[in-house]
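Enquirer: Encoded as structure tokens, here's the structure I'll be asking about.
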Amino acid sequence: MKIYSNLADYSSKNKTFVTIGTFDGVHIGHQKVLLNLINSAKKNSASSVLLTFFPHPRMVLQKNADIKLINTIEERIQLLKKTGLDILVIHEFTKDFAEETALDFVKNVLVDHLKISNLIIGYDHRFGKNREGNFDQLSEYGNIFGFEVNKISQQEIDHITISSTKIRKAIELGNIEEANRYLGYHFMLTGEIVKGKNLGEKIGFPTANLFIEETYKLLPKTGSYIVKSELENETVYGMMNIGYNPTVKGKKQTIEIHFFNFNKDLYGKKIQIDVLKFLRDEQKFESVDDLKNQLEIDKQKSLEIINGTLFEL
5 MKIYSNLADY SSKNKTFVTI GTFDGVHIGH QKVLLNLINS AKKNSASSVL
55 LTFFPHPRMV LQKNADIKLI NTIEERIQLL KKTGLDILVI HEFTKDFAEE
105 TALDFVKNVL VDHLKISNLI IGYDHRFGKN REGNFDQLSE YGNIFGFEVN
155 KISQQEIDHI TISSTKIRKA IELGNIEEAN RYLGYHFMLT GEIVKGKNLG
205 EKIGFPTANL FIEETYKLLP KTGSYIVKSE LENETVYGMM NIGYNPTVKG
255 KKQTIEIHFF NFNKDLYGKK IQIDVLKFLR DEQKFESVDD LKNQLEIDKQ
305 KSLEIINGTL FEL
């Protein structure tokens with residue numbers, strides 16, 4: 005997959021099959037669109053192109069919007085690399101860009117710049133100034149400018165239409181297994197391991213403290229989770245706590261992971277944490293000993309789940 009940081013960096017000489025959108029989450033609905041795009045492009049000896057945007061349009065257009073994203077831009081890139089897509093164009097979304105009419109966008113971007121032959125979109129896709137462009141309008145422009153428009157039906161699980169918004173809500177509520185089903189992979193947190201207060205090590209539960217630089221990254225609700233990571237070429241399971249450490253009067257939110265059967269130095273390394281299952285809400289304990297006892301219980305329950313003796317992940 006070739007990656008271009010804005011439209012000006014990429015101009016196609018060959019015909020292209022294109023899809024457009026923010027694709028936050030690259031969930032199974034997105035994957036359905038991309039699979040159709042990639043297969044159709046191959047059959048027609050065309051390049052498959054995704055035109056995506058960053059920042060998210062709501063961050064730019066909605067004043068005081070505090071939207072958090074399922075993926076950082078780097079996570080989104082890594083997920084898209086796995087799809088077999090030919091070209092990824094990440095265009096900066098600005099207020100000026102948002103003012104471009106649907107007609108101008110089609111002519112200037114899709115036709116003149118991308119040499120579009122076929123546009124494949126999701127069932128609810130809208131674009132252009134005030135989101136005026138819809139499937140019917142795109143089809144009219146396709147007839148004018150000589151490209152086809154194909155619409156992909158909505159993807160459902162258990163008769164629930166999948167959307168990035170619903171997945172974000174599930175993550176915020178700690179419904180990680182539901183979110184993972186909609187994503188088609190495990191929700192991930194990516195960051196650098198930094199120094200902490202070493203409280204965990206003192207009570208027999210050493211933790212790796214994860215720092216996520218991207219402040220727009222969505223975090224699950226505070227509490228404990230079962231997680232896994234690829235460390236030193238092996239899959240390592242553990243339990244993660246997101247919260248404020250109320251037992252020791254913590255004031256700053258932290259992300260701490262206790263890995264099972266792994267004690268190598270991770271400081272300064274960037275790692276990915278796959279979040280598998282919610283264990284319990286964060287609690288304030290009467291003493292550090294009570295906290296330690298609860299961590300023992302959490303660990304035992306986690307291992308039973310991981311080993312399949314309690315129930316499968």
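Numbering-wise, my numbering comes out as the position in the sequence shown, counting from 1, plus 4.
In this text, a Cβ means the ideal position worked out from N, Cα and C, and glycines have one as well.
From Ile175, His117, Thr76, pick the residue whose C-alpha is nearest to that of Ile246; which is it?
Expert: Per the Cα distances, Ile175.
Enquirer: By Cβ distance below 7 Å, which residues in the same chain neighbour Leu11 in space, the five residues on each side in sequence not counted?
Expert: These residues qualify, in order along the chain: Val93, His95, Val113, His117.
Enquirer: Which runs of the beta strand (DSSP E) fall wholly inside the stretch 219-249 and span at least 3 residues, in chain order?
Expert: List check, beta strand (DSSP E) in window: 227-235, 238-247.
Enquirer: Reducing DSSP to helix, strand and coil, say where Ser143 ends up.
Expert: Note: Ser143 maps to helix in three-state DSSP.
Enquirer: Measure the C-alpha to C-alpha separation of Phe266 and Glu300 and round it to an integer number of angstroms.
Expert: Using only the alpha carbons, I get a separation of about 16 Å.
Enquirer: For Gly29, count neighbouring Cβ atoms within 10 angstroms of its own Cβ and tell me buried if that reaches 16, exposed if not.
Expert: So Gly29 ends up on the buried side.
Enquirer: Helix, strand or coil, according to DSSP, for Gly195 in the structure here?
Expert: DSSP places Gly195 in strand when its eight states are reduced to three.
Enquirer: Please state the DSSP three-state secondary structure of Tyr14.
Expert: In the structure shown, Tyr14 sits in coil (DSSP, three-state: anything other than H, G, I, E or B).
Enquirer: In the DSSP assignment, the beta strand (DSSP E) including Ala212 goes from what residue to what residue?
Expert: Segment 212-215, the beta strand (DSSP E) holding Ala212.
Enquirer: Out of curiosity, what's the CA-to-CA distance linking Thr98 and Met192?
Expert: Those two C-alpha atoms are separated by around 28 Å.
Enquirer: Report the three-state DSSP secondary structure of Phe27 (helix, strand or coil).
Expert: Looking at Phe27 - three-state DSSP - the assignment turns out to be coil, as it is neither helix nor strand.
Enquirer: Straight-line CA distance for Asn122 to Thr20?
Expert: Rounded to whole angstroms, Asn122 to Thr20 spans 7 Å at the Cα level.
Enquirer: Is the number of C-beta pairs between the stretch 234-249 and the stretch 260-275 that are closer than 8 Å three or more?
Expert: With the cut-off at 8 Å, the stretch 234-249 and the stretch 260-275 touch.
Enquirer: Thr258 lies in the beta strand (DSSP E); which residues open and close that run?
Expert: Thr258 -> beta strand (DSSP E) spans 258-263.
Enquirer: Where does His117 sit, in a helix, a strand or coil, going by DSSP?
Expert: Helix.
Enquirer: To the nearest angstrom, report how far apart Gly178 and Val279 are at their CA atoms.
Expert: So the two alpha carbons sit approximately 10 Å from each other.
Enquirer: By Cβ distance, which residues of its chain are closer than 6 Å to Ser167, with the 5 residues on each side in sequence left out?
Expert: Excluding sequence neighbours, Ser167 sits near nothing in its chain.
Enquirer: Figure out for me which residue from Arg172, Ser49, Ser15 has the closest Cα to the Cα of Leu73.
Expert: The shortest Cα separation from Leu73 among Arg172, Ser49, Ser15 belongs to Arg172.
Enquirer: For Asp302, count neighbouring C-beta atoms within 10 Å of its own C-beta (all shown protein chains included) and say buried if the count is 16 or more, exposed if not.
Expert: So Asp302 ends up on the buried side.
Enquirer: What runs of the beta strand (DSSP E), each 3 residues or longer, lie entirely inside the stretch 255-311?
Expert: Listed in chain order, the complete beta strand (DSSP E) runs (minimum 3 residues) inside the stretch 255-311 are 258-263, 274-284.
Enquirer: What first and last residue would you give for the beta strand (DSSP E) that runs through Glu96?
Expert: Where Glu96 is concerned, the enclosing beta strand (DSSP E) stretches over 91-96.
Enquirer: Secondary structure at Glu182, three-state DSSP: helix, strand or coil?
Expert: Helix, per DSSP.
Enquirer: Under DSSP, the alpha helix (DSSP H) around Asn43 begins and ends at which residues?
Expert: First-last of the alpha helix (DSSP H) with Asn43: 32-47.
Enquirer: Given a threshold of 16 other Cβ atoms within 10 Å of its Cβ, counted over all protein chains shown, does Gln257 qualify as buried or as exposed?
Expert: By the neighbour-count rule (16 or more Cβ atoms within 10 Å), Gln257 is not buried but exposed.
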